[in-house]
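Each residue of the sequence shown is one higher than the one before, starting from -18 at the first, in this note's numbering.
Cβ atoms here follow ideal geometry from the backbone N, Cα and C, with glycine treated the same way.
Let me begin by presenting the structure, written as structure tokens, before commenting on it.
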Amino acid sequence: MATLTVNQITRTGLVLGIALASTLSVESATASDQFPNDGRTFVMVANDDTDPHSVVFTSQKSVLGLNLAELIVAVVANMVDGEDYKIIGPFPKNIFNDANGRVQVTYKEAADGSGIDASADFSIIVFSL
């Protein structure tokens, strides 16, 4: 598990472009990751793999003893370099933050729900307002 870097959006701007890997902390997804969350945090995912995947954000909250469902987001296959991204968030702290103030995220094969293969061409970027 890796702790992903949060890229801060400022009034002077955060450059996003085709050369995304050289601009931001783009990290290849492992079986599971985590990232600090201030409630204004978003993630951007890209799936250049040939298989569709799902990104799963673990809910940390329960109501009347019942756990809230995970947030599961489908990410289509063959998102073209620098052209197609899915932006997800924000993540309310009272629902998604664990005891350390982090959101837990896992990556799954859409077809069977297993973890994605290490060779999958899948990236995640975390940023905050």
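With a threshold of 7 Å on Cβ separation, who are the neighbours of residue i within its own chain once the five nearest residues in sequence on each side are excluded?
i: Val107; result: Leu(-15), Thr(-14), Val(-13), Asn(-12), Phe16, Thr22 and Val24
i: Ile(-10); result: Phe108, Ser109 and Leu110
i: Asn18; result: Phe72, Lys74, Phe77, Asn78, Gly82, Arg83 and Val84
i: Thr58; result: Checking the sequence, you will find Ala at residue 58 rather than Thr. Counting only Cβ-Cβ distances below 7 Å, and skipping sequence neighbours, we find Asn28, Asp30, Thr31, Asp32 and Pro33.
Throw me the rounded Cβ distance for the residue i and residue j pair, which I believe falls under 8 Å.
i: Val56; j: Lys67; result: 6 Å
i: Leu49; j: Ser40; result: 4 Å
By the DSSP assignment, the beta strand (DSSP E) with residue i in it spans what residues?
i: Ile68; result: Lys67 to Ile69
i: Arg83; result: Arg83 to Glu90
i: Asn(-12); result: Val(-13) to Gln(-11)
i: Ile105; result: Phe103 to Ser109
i: Val57; result: Careful: Val57 lies outside any beta strand (DSSP E) and carries neither H nor E.
Return the first residue and the last residue of the alpha helix (DSSP H) that residue i is part of.
i: Ile76; result: Lys74 to Phe77
Can you give me the C-alpha to C-alpha distance between residue i and residue j, rounded to a whole angstrom?
i: Val54; j: Gly70; result: 11 Å
i: Phe103; j: Glu90; result: 11 Å
i: Thr(-7); j: Asp93; result: 43 Å
i: Ile97; j: Glu51; result: 18 Å
i: Leu45; j: Val26; result: 33 Å
i: Val112; j: Asp65; result: Past the edges of the chain, shown from -18 to 110, lies residue 112, and the structure says nothing about it.
Go through its chain and collect everything with a Cβ distance to residue i's Cβ below 8 Å, but skip five positions before and after it.
i: Met149; result: For the chain, the structure presents residues -18 to 110; residue 149 sits outside this window and is missing.
Output needed for residue i: all residues of its chain with C-beta closer than 6 Å, excluding positions within five of it in sequence on either side, in chain order.
i: Ala101; result: Asp30
- At what residue ranges does the stretch 16 to 41 contain a whole run of the beta strand (DSSP E), taking only runs of 3 or more? 22 to 28 and 34 to 38
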